[in-house]
Amino acid sequence: MGCWVPAAWSPLPPRMDCREASSPACVFKWAEARAPCAGLMTAASPAQRLPREEAGSAPLPPALQPGTMVRIVAVRTQAYADQKPGTSGLRKRVRVFQDNAHYAENFVQSILATVPPAERQEAALVVGGDGRFYMTEAIQLIIRIAAANGIGRLVIGQNGILSTPAVSCIIRKIKAIGGIILTASHNPGGPNGDFGIKFNISNGGPAPEGITDKIFQISKTIEEYAICPDLKVDLGTIGKQQFDLENKFKPFTVEIVDSVEAYANMLRNIFDFSALKELLSGQNHLKIRIDAMHGVMGPYVKKILCEELGAPANSAVNCTPLEDFGGHHPDPNLTYAADLVQSMKTGEYDFGAAFDGDGDRNMILGKHGFFVNPSDSVAVIAANIFSIPYFQHTGVRGFARSMPTSGAIDRVAKATKIALFETPTGWKFFGNLMDANKLSLCGEESFGTGSDHIREKDGLWAVLAWLSIIAVRKQSVEDILKDHWQKYGRNFFTRYDYEEVDADGANKMMKDLETVMFDRSFVGKQLSTGDKVYTVEKADNFEYSDPVDGSISRNQGLRLIFTDGSRIIFRLSGTGSAGATVRLYIDSYEKDAPKIYEDPQVMLAPLIGIALKLSQLHERTGRTGPTVIT
515 MGCWVPAAWS PLPPRMDCRE ASSPACVFKW AEARAPCAGL MTAASPAQRL PREEAGSAPL
575 PPALQPGTMV RIVAVRTQAY ADQKPGTSGL RKRVRVFQDN AHYAENFVQS ILATVPPAER
635 QEAALVVGGD GRFYMTEAIQ LIIRIAAANG IGRLVIGQNG ILSTPAVSCI IRKIKAIGGI
695 ILTASHNPGG PNGDFGIKFN ISNGGPAPEG ITDKIFQISK TIEEYAICPD LKVDLGTIGK
755 QQFDLENKFK PFTVEIVDSV EAYANMLRNI FDFSALKELL SGQNHLKIRI DAMHGVMGPY
815 VKKILCEELG APANSAVNCT PLEDFGGHHP DPNLTYAADL VQSMKTGEYD FGAAFDGDGD
875 RNMILGKHGF FVNPSDSVAV IAANIFSIPY FQHTGVRGFA RSMPTSGAID RVAKATKIAL
935 FETPTGWKFF GNLMDANKLS LCGEESFGTG SDHIREKDGL WAVLAWLSII AVRKQSVEDI
995 LKDHWQKYGR NFFTRYDYEE VDADGANKMM KDLETVMFDR SFVGKQLSTG DKVYTVEKAD
1055 NFEYSDPVDG SISRNQGLRL IFTDGSRIIF RLSGTGSAGA TVRLYIDSYE KDAPKIYEDP
1115 QVMLAPLIGI ALKLSQLHER TGRTGPTVIT
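The sequence shown maps to residues 515 to 1144 in the numbering used here.
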């Protein structure tokens, strides 16, 4: 199978009594420690002596009686060739997990196989999700497979609910080896929707490519997985539950924790909660409207913004997590959060925000529906960063943005003489910089904003950051942003999403576009639409060399950069579950005061026209327009 086992691994896991080595369970653990691919069982492994089950995924067993010894079995399986994790884990239609035997089991086993067996008994793993359909079944599955693979302790949110930022927070707090998050983020849920399994590593961030590549390789060759088929855990009761496994290791522990408390306590140490409480509940308080979109953030919004910071209870809507997100798309943008936009346009509220399914993305709105582009949002936070007490204590080490994100934060970095990093799309690239103490604040145009307090983007953190700035500056959202444009100029930005287009056609379009762009005569060429003419200065496929570990990430997006600094970018997204999503990004800088308040779609129309003509995007995809415009 081409895998290897480090020589430092002990042939027997720690604390194993070698007198037990003749028992089937002990033979399994010995074989697991010796097997290729860090614990993956193979057809030739002595683990065959374990009880074996050949059937497909079994229904959940009844609760075990106290004192019952939990059995471990090995289950034969067939590998799948399509379990390559994308930007944020493995995402597929729910029916893929349900209709393909052992599909979820294979992937979970492949994740756990990356944990060295000698480390598992002392290891803690955090598990939680956004409440979408199939989450509860998947969590019980993870419990049963983790126990059989020798993981010592699981920490799980009550009823399985944990936001992605909360998982990152808890991983770091308890020094866990990592976490498994059950989410497809902003993708729709329900029986006909999407489901996802994502692995975060010990720093709390998404697994880097070296780990996800290993998971994928294991998933393509897996022949068996280990499981405790009789194990079932009460996810609703806070506290510890222990189970004796037949291998006579120390008991397997499952700890059910309050979904909100650890995360809320972290935020208390970052922001000035007394100032925020005065802002939200004092005399002449700010009127806010927060839409949790029936995702995971409902309990967090209710607990932190309403109960603790005093915002009226009716400030928060759609706060009950639902398996299908109420039939809506839990994506905080102007298209899918249209109800919030309409509420804000009435003028009744001063500040609005929406979150996605798992709580890591956010959209910020001002009075009358004034939209804050995510690229501008992170730039404003950067320019006002010392409004947040956390940064008064830590200082600011650096800023970063993903490549497609507009250069608005670059202007702040230059003015403040703070280092600026441009990375590929995917939060994992920020994590390396943070771990090396090079980065404090970062953002992505895809509604992701965060800092080095955790290793994930964090929707509620971004909302509290904006509220902190409002509390200090005592201005409206619109006035804060207009002042920012007057000082730094404005990066006009838009993104066109073409969702679920034919994958083969999209890939061919990108290949053909690359051929045109990489022709030697293309640089220096003039492209025009109407009376606007742009001269090509650079055309490439973005490549990133990580300044921390030297790793190279290639083919991260086709970039067309003009002599005036304007950019056209084409990418295929890695976060969808079906077909392909083509994303077109347009970015152009303007410092002329009379022009900075213009409509982005008007200002960028010439560049949009050039991009569509050059790529033949509509003709090649069969679409007449984008699914979503940001």
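Ideal Cβ positions, reconstructed from N, Cα and C, are used throughout, including at glycine.
Computed from a predicted model, the values in this text were never measured in an experiment.
Per DSSP, reduced to three states, the secondary structure at Y904 is helical. P1108 sits exposed, since fewer than 16 C-beta atoms from the chains shown fall within 10 Å of its C-beta.
By the neighbour-count definition (other C-beta atoms within 10 Å, threshold 16), R605 is a buried residue. DSSP places G724 in the uninterrupted alpha helix (DSSP H) bounded by 723-733. In the three-state reduction of the DSSP assignment, F839 falls in the helix class, which pools H, G and I. Secondary structure of V1142 (DSSP, three-state): strand. G671 carries a strand assignment under DSSP once its states are collapsed to helix, strand and coil. Around the beta-carbon of M1023, 16 or more other beta-carbon atoms lie within 10 Å, marking it buried. Here L854 really is in contact with G866; their C-beta atoms are around 6 Å apart, less than 8 Å. Secondary structure at F913: strand, using DSSP grouped into helix, strand and coil. Here the C-alpha atom of M807 lies approximately 32 Å from the C-alpha atom of S1102. At least 8 Å separates the beta-carbon of M811 from that of S699.
Scanning D1026, H843, P813 for the CA closest to the CA of C833 turns up P813. Between A662 and G840, the alpha-carbon positions lie close to 36 Å from each other. Restricting attention to A637, E760, A1053, L696, the CA atom closest to the CA of K1039 is found in A1053. Around the beta carbon of F900, a 10 Å sphere encloses fewer than 16 other beta carbons of the protein chains shown; the residue is thus reported as exposed.
For N779, the enclosing alpha helix (DSSP H) begins and ends at 775-782.
S990: not part of any beta strand (DSSP E); DSSP gives it neither H nor E. Every beta strand (DSSP E) stretch that sits fully inside the region 592-674 and reaches 3 residues is listed by chain position as 604-607, 638-643. Of the residues assessed, V1015 falls on the buried side of the cut-off, its CB having 16 or more other CB atoms within 10 angstroms.
G1071 places its beta carbon less than 8 Å from that of F1084. I1110 and Q1000 have their alpha carbons spaced roughly 8 Å apart. When rounded, the separation of the alpha-carbon atoms in S920 and D748 is 46 Å. R1134 and L1074 have their C-alpha atoms spaced approximately 19 Å apart. Short of 7 Å from the beta carbon of L1118, and not among the five residues preceding or following it, lie these beta carbons of its own chain, in chain order: F1006, T1008, I1100, S1102. Per DSSP, the beta bridge partners of C956 are A914, G964.
Here the region 789-808 lies against the region 821-836, with 3 or more beta-carbon pairs under 8 Å apart. In this structure, the straight-line span from the alpha carbon of G1044 to that of E1013 is close to 29 Å. The beta carbon of R987 sits closer than 8 Å to the beta carbons of N898, S901, I994 from its chain, once the five residues preceding and following it are set aside; these are given in chain order. Nearest in C-alpha terms to A868, of all of I968, G861, M877, is M877. DSSP, reduced to helix, strand and coil, places N714 within a strand of the structure shown.
When G692, P722, I732, E651 are compared, the shortest CA-CA separation from Q592 is found for I732. Around the beta-carbon of N620, 16 or more other beta-carbon atoms lie within 10 Å, marking it buried. Looking at G664, V991, I1066, Q623, the one whose alpha-carbon comes closest to that of A632 is G664. Distances from the CA of G703 to each of V669, L836, E775, K712 were compared; the closest alpha carbon is that of L836. Contact annotation: D870 and D845 have beta-carbon atoms nearer than 8 Å.
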